[in-house]
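K.L.:
In the numbering used here, the protein residues as written are 3 to 197.
No residue lacks a Cβ here, since even glycine has one placed at the ideal position from N, Cα and C.
#1: Give me the residue from 123, 89, 147 with the minimum Cα distance to residue 49.
#2: In the structure shown, what three-state DSSP assignment does residue 111 receive?
#3: Please state whether DSSP places residue 106 in a helix, a strand or coil.
#4: Excluding sequence positions up to five away, which residues of its chain have a Cβ less than 7 angstroms from the Cβ of residue 67?
#5: May I ask which residues mark the beginning and end of the beta strand (DSSP E) holding residue 35?
#6: Which residues bound the beta strand (DSSP E) around residue 159?
#7: In whole angstroms, what is the alpha-carbon distance linking residue 154 and residue 168?
#8: Please list, in chain order, all residues of the same chain as residue 142 whose beta carbon is under 7 angstroms from its beta carbon, the five residues on each side excluded.
#9: State the beta-bridge partners of residue 2 as determined by DSSP.
#10: With 16 other CB atoms within 10 Å as the buried threshold, where does residue 55 fall?
#11: Looking at C-alpha atoms only, which residue of 180, 190, 31 is the closest neighbour of residue 76?
#12: Please specify which runs of the beta strand (DSSP E), each continuous and at least 3 residues long, are wholly inside the stretch 140-183, giving them in chain order.
#13: Along the chain, where does the alpha helix (DSSP H) containing residue 20 start, and where does it finish?
#14: State the DSSP-derived secondary structure class of residue 91, mapped to helix, strand or coil.
#15: Of the residues 20, 10, 8, 9, which one's Cα is nearest the Cα of residue 122?
The following block contains the structure:
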């Protein structure tokens, strides 16, 4: 994607892994993503990924007085009624405990189908929504944890068409198929056509 001018966009996160991934996916564009200004402390009380994404984007725009992009993402497991869903990052106290809890919860089920969902929202300096996109990565929960790449639930998720977990893929392989990669490419396409 060629952008007509250099842009700086605040990426509404406190998660350095997410920022690094976003920068890598947008690597060949003229867009620079930066962390929000001090004081970024969104209250994620939305009922959907889309609502939480908008909350984070508006808070980042407010503290940074800048164009802001947010993502809210999580893992939805079919046999668990879509859980942990929007509570994916709050499912247990640590990344390893979240993985252990999920593997334990799905143990009785034959159905291991799951999907990663990412909702992205772009707002202007005033916090008005100007674009949103959804990205999904479908797959299944692995029987055991494998790999040390990625973050979150990557060590127990096998994407459709793959024979290993996301945590066992290279970063480039992950970015091609990930929910975040799919959503961000829609945002970048829109920015390229509208800015």
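P.N.:
Taking the geometry as given:
#1: Here residue 49 is taken as the residue at index 47 of the chain shown, counted from 1. It is 89.
#2: The residue given as residue 111 occupies position 109 in the chain shown. Correct three-state label for residue 111: coil.
#3: Within the chain shown, numbered from 1, the residue matching residue 106 stands at position 104. Here residue 106 sits in helix by DSSP.
#4: Counting from one through the chain shown, the residue named residue 67 turns up at place 65. Correct list, in chain order: 127.
#5: For the purposes of this step, residue 35 is taken as residue 33 along the chain shown, with counting starting at 1. 33-36 is the span of the beta strand (DSSP E), which, as asked, contains residue 35.
#6: Sequence index remark: in the chain shown, residue 159 carries index 157 (1-based). Start and end: 159-161.
#7: For the purposes of this step, residue 154 is taken as residue 152 along the chain shown, with counting starting at 1. For the purposes of this step, residue 168 is taken as residue 166 along the chain shown, with counting starting at 1. The alpha-carbon atoms of residue 154 and residue 168 are separated by roughly 10 angstroms.
#8: To locate residue 142, count along the chain shown from 1; it is residue 140. Only 114, 115, 116, 160 meet the Cβ criterion.
#9: The structure shown does not extend to residue 2, since the chain is modelled only from 3 to 197, so the question has no answer here.
#10: In the chain shown, residue 55 corresponds to position 53, counting from 1. Residue 55 is buried by the Cβ-count criterion.
#11: Here residue 76 is taken as the residue at index 74 of the chain shown, counted from 1. Checking every option, the nearest Cα to that of residue 76 belongs to 180.
#12: For secondary structure counted as the beta strand (DSSP E) over 3 or more consecutive residues, the stretch 140-183 holds these complete runs in sequence order: 159-161.
#13: Numbered from its first residue, the chain shown carries residue 20 at position 18. 18-27 is the extent of the alpha helix (DSSP H) around residue 20.
#14: Locating residue 91 in the chain shown gives position 89, counting from the first residue. Residue 91 falls in the helix class under three-state DSSP.
#15: Here residue 122 refers to the residue found at position 120 when the chain shown is read from its first residue. The residue with the shortest Cα to Cα distance from residue 122 is 20.
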